[in-house]
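Numbering (the UniProt record's numbering), first residue to last: 1 to 59. Please read the structure below before turning to the comments.
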């Protein structure tokens, strides 16, 4: 497992200088990543997270 696989979503996006305002969105994204789930959404925060963290799978 690489170091990037161990990072949490807030850490990985923080390194890129992106701020997500919703703590709930961060928790949902982290849960989807940890459980290898696809995330169906209509929310630009999730799109930003997915651009920075390739572990988040969007549908």
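Ideal placement from N, C-alpha and C gives every residue a C-beta, glycine not left out. Source: prediction; values computed, not measured.
| Item | Value |
| --- | --- |
| Among the residues of its own chain, which have a CB less than 7 Å from the CB of residue 10, if the five just before and after it don't count? | 26 |
| Are the CB atoms of residue 53 and residue 13 nearer to each other than 9 Å? | yes |
| What are the partner residues of residue 7, as DSSP defines its beta bridges? | Note: residue 7 sits in no beta bridge, so no partner. |
| Starting from residue 16, trace the alpha helix (DSSP H) both ways and give me its first and last residue. | No alpha helix (DSSP H) holds residue 16; DSSP gives it neither H nor E. |
| Under three-state DSSP, which class holds residue 54? | coil |
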